[in-house]
Amino acid sequence: MMLRKWGLLFAALCLALILAAMAIMPPTPQAANIAADKFSSARAMTDLRIIAARPHPTGSAENAKVRDYLVTRLKSLGLEAGMSESQLGERALKRLNKWSGEAKSEQAIFNVIGVLPGTDLSKPAVLLMAHHDTVWDSPGAADDTVGVVSILEIVRAIKESGPNERSLIVLFTDGEEVGLSGARHFFKENPLREKVGAVINFEARGGGGTANLFQTSKKNGAAVKVFARAVKQPSASSLSTFVYNVLPNDTDLTPALEGDYTAYNIANIGDAEYYHSPKIDVQALDERTLQHMGSQGLDLTRALLLADDLPAKKPDATFFDLFGLFTVIYAPIWGWVFLVAGGLCYGFSQTQENRVKDAVWGAMKMVGFLGLGGVVLYALNMLSGHGGSANYYDRLAAIGKLEALALLFCIAAFFAAFGRTALSANARFGAALPIFILGIVGQVFAPTATYFITLPLLLCGLATLLIRRWPEKIWAKVGAVILAAGVIGYMISLGHLLMLGVGPDMLSVALLPAAISVLAILPLYKGVSKRTANLISALCLVVSVGVALWIRLDPIATTVPLY
Ligand SMILES: [Zn+2]
Numbered sequence: 008m009m010l011r012k013w014g015l016l017f018a019a020l021c022l023a024l025i026l027a028a029m030a031i032m033p034p035t036p037q038a039a040n041i042a043a044d045k046f047s048s049a050r051a052m053t054d055l056r057i058i059a060a061r062p063h064p065t066g067s068a069e070n071a072k073v074r075d076y077l078v079t080r081l082k083s084l085g086l087e088a089g090m091s092e093s094q095l096g097e098r099a100l101k102r103l104n105k106w107s108g109e110a111k112s113e114q115a116i117f118n119v120i121g122v123l124p125g126t127d128l129s130k131p132a133v134l135l136m137a138h139h140d141t142v143w144d145s146p147g148a149a150d151d152t153v154g155v156v157s158i159l160e161i162v163r164a165i166k167e168s169g170p171n172e173r174s175l176i177v178l179f180t181d182g183e184e185v186g187l188s189g190a191r192h193f194f195k196e197n198p199l200r201e202k203v204g205a206v207i208n209f210e211a212r213g214g215g216g217t218a219n220l221f222q223t224s225k226k227n228g229a230a231v232k233v234f235a236r237a238v239k240q241p242s243a244s245s246l247s248t249f250v251y252n253v254l255p256n257d258t259d260l261t262p263a264l265e266g267d268y269t270a271y272n273i274a275n276i277g278d279a280e281y282y283h284s285p286k287i288d289v290q291a292l293d294e295r296t297l298q299h300m301g302s303q304g305l306d307l308t309r310a311l312l313l314a315d316d317l318p319a320k321k322p323d324a325t326f327f328d329l330f331g332l333f334t335v336i337y338a339p340i341w342g343w344v345f346l347v348a349g350g351l352c353y354g355f356s357q358t359q360e361n362r363v364k365d366a367v368w369g370a371m372k373m374v375g376f377l378g379l380g381g382v383v384l385y386a387l388n389m390l391s392g393h394g395g396s397a398n399y400y401d402r403l404a405a406i407g408k409l410e411a412l413a414l415l416f417c418i419a420a421f422f423a424a425f426g427r428t429a430l431s432a433n434a435r436f437g438a439a440l441p442i443f444i445l446g447i448v449g450q451v452f453a454p455t456a457t458y459f460i461t462l463p464l465l466l467c468g469l470a471t472l473l474i475r476r477w478p479e480k481i482w483a484k485v486g487a488v489i490l491a492a493g494v495i496g497y498m499i500s501l502g503h504l505l506m507l508g509v510g511p512d513m514l515s516v517a518l519l520p521a522a523i524s525v526l527a528i529l530p531l532y533k534g535v536s537k538r539t540a541n542l543i544s545a546l547c548l549v550v551s552v553g554v555a556l557w558i559r560l561d562p563i564a565t566t567v568p569l570y
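For what it's worth, this note's numbering labels the leading residue of the sequence shown as 8, then goes sequentially.
The following block contains the structure:
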């Protein structure tokens, strides 16, 4: 009886968790003895242990040692290598003086540059970039040594597979952490900048997690197609590339984007407590993250080096990795097709009775879930210490707890709004209506960013139709379970990335993937008694308040930077 009632939903949730784990977990590290033309995190770790042994901020003696080491390593790899000197600007110098407590009136900075000349110097080169300076007091094993050693291992693997027509340029910038100083200097003044056609920047935000293609140059259609074809264990999303094209952000790629380059920005995001932390050393770094960044970087670099022509500017594409397996890419106009097809699926699962009344009832529930839920989750975030004098890095360290808080609250909101009885097919359509409206608005204003709404609406519509039309057929049940699991699994991984990106400031953002998951759950959900629904809802709410207070009252995290 239990199994008959809950079996399908249980199966969908289990499968969803497996899919989400595939998307969220970086791949296994590769040993030093794998094939020489492959990326091995173990080989890269040898450099990482040396570079990230001690903090090496701009202008420090330790930074000078790291620079010398990098020049030596590039030369040993067969590159023409050296340093390019410039001066820190006024604002950057102020920041550095604030860190060090000194009052320097000038500070020289040094980009480390290496060139592996191709056989055809008329072809635009591929530039790989990462910054060699750290923030004050942090060994920087992640930020940005993981990028620096990825590049060294990529160059080694590229050399292994033979000479290329296209030149490869390596740029290890200085002064990134005080204001992108080295990168600004290169893209404004260094003559080499004119030889560059494509740029890949490697960055770090936290000590683990997946490495993601999170930003590109504008008109990325052809550029992303190269990525999608070449990269075997991808993590990428046109939602984040859209957001980063709109919002200001600071990485070394920012000055490059002012030029006309084809540009890719790859950064890991995860283990947020280690962002800029004095505790992020070799032991704390997740080696899987290094493997993920390097293997994607190598696949992309090789594809760009081998391309007859570097990707031209083509209209922006919609793209995302499917649970880390491969990159799905299509023209954003398909979003309209998904919306219409999803609407038809919901339409064909309608019944005659209470058509309008039930649809309005379902829509009201979803609006309440999102609206009221958003307000309460905002309040819970304030309770947890958001706003006012909260330490930014302490909030980052609390992301795991904030995710638990958001999940508990979403469960409470689900049982409050949808828990009591199984909704009629008409009410399920009603519940989907507010999401359809979001999908239409998104499709108009941000078509490449809206795939995570339009595609799930089609899949949820299909699942609803299968269960409604063929309720006794096993294939219909299996189909609905797979569709629901795909949607929920993606929403869990997306929710996780949203939490890492903006969670501490905008906890309410969790409700959007939660609402889409609700649409996937509803066709399989049979309802519980009013009493049980109220009980679960109240319990989850009370515990989420408890978690909020725990976040507020616990001592400041030991990983928080001291400056
Ligand atoms: Zn950085």
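Even for Gly, the Cβ is constructed at its ideal location relative to N, Cα and C.
Judged by DSSP in its simplified three-state form, Y337 adopts strand.
Separation of K202 and E167 (C-alpha to C-alpha, rounded to the nearest whole angstrom) is 24 Å. Counted as a single uninterrupted DSSP element, the alpha helix (DSSP H) harbouring G508 occupies residues I481 to V509. Only exposed fits A319, as fewer than 16 other CB atoms lie within 10 angstroms of its CB. The beta carbon of A419 lies closer than 7 Å to those of S544, C547, L548 and S551 in the same chain, with the five residues before and after it left out. For L159, the number of other beta carbons within 10 angstroms of its own is at least 16, and it is reported as buried.
The distance from the Cβ of G89 to that of I120 is about 6 Å, consistent with a contact at the 8 Å cut-off.
Sorting A30, T65, A218 and P339 by C-alpha distance to the C-alpha of E294 places A218 at the top. Under the DSSP assignment, M9 falls in the alpha helix (DSSP H) whose first and last residues are M9 to I31.
Just so you know, the alpha carbons of G496 and T325 end up roughly 19 Å apart. Residue environment: G182 is assigned as buried (16 or more neighbouring CB atoms within 10 Å of its CB, all protein chains considered). Under a 10 Å Cβ-count criterion, N171 is classified as buried, with 16 or more other Cβ atoms of the shown protein chains found around its own Cβ.
Its Cα nearest to that of I558, the residue A397 stands out among A115, L542, A397 and D267. A distance below 8 Å between beta-carbons, with the five flanking residues on each side excluded, links F443 to the following residues of its chain, in chain order: L346, G349, G350 and L464.
Set against 8 Å, the gap from the CB of E360 to the closest heavy atom of ligand 1 is not smaller.
Counting only the Cα atoms, P285 lies some 34 Å from F234. Distances from the alpha-carbon of G215 to those of H283, D288, L292 and G147 put L292 closest. C-alpha of F421 to C-alpha of P241: approximately 33 Å in a straight line.
Inter-segment contact for the region 254 to 268 and the region 300 to 312 is absent: fewer than three beta-carbon pairs are separated by less than 8 Å. Note on geometry: alpha-carbon atoms of R427 and G534 lie some 5 Å from one another. Every beta strand (DSSP E) stretch that sits fully inside the region 160 to 191 and reaches 3 residues is listed by chain position as 175 to 180. Shown here for G446: same chain residues with a beta carbon closer than 7 Å to its own, the five before and five after excluded, namely L346, T457, I460, T461 and L464 in chain order.
In the three-state DSSP reduction, V238 falls in the coil class, being neither helix nor strand. The residues L86, E87, S174 and I176, in chain order, have a CB closer than 7 Å to that of V122 in the same chain once the five nearest residues on each side in sequence are set aside. Between the C-alpha atoms of V153 and T539 there is a straight-line separation of about 49 Å.
Three or more beta-carbon pairs separated by less than 8 Å are not found between the region 121 to 139 and the region 43 to 54, which leaves the two stretches without contact. If you look at T79, you'll find it in the alpha helix (DSSP H) that goes A68 to S83. Less than 9 Å separates the beta-carbon of I336 from that of K232. When the Cα atoms are used, Y570 and L95 turn out to be separated by approximately 20 Å. Within 8 Å of the C-beta of A211 there is at least one heavy atom belonging to ligand 1. The nearest non-hydrogen atom of ligand 1 is less than 8 Å from the C-beta of H138.
Beta-bridge analysis with DSSP links S93 to I116. A distance criterion of 8 Å places the beta-carbon of D144 beyond contact range of ligand 1, judged by its closest non-hydrogen atom. In this structure, the C-beta of E172 stays at least 8 Å away from each heavy atom of ligand 1.
When the beta-carbon positions are compared, A263 and R212 stay at least 9 Å from each other. Per DSSP, the beta bridge partners of A274 are E210 and N219.
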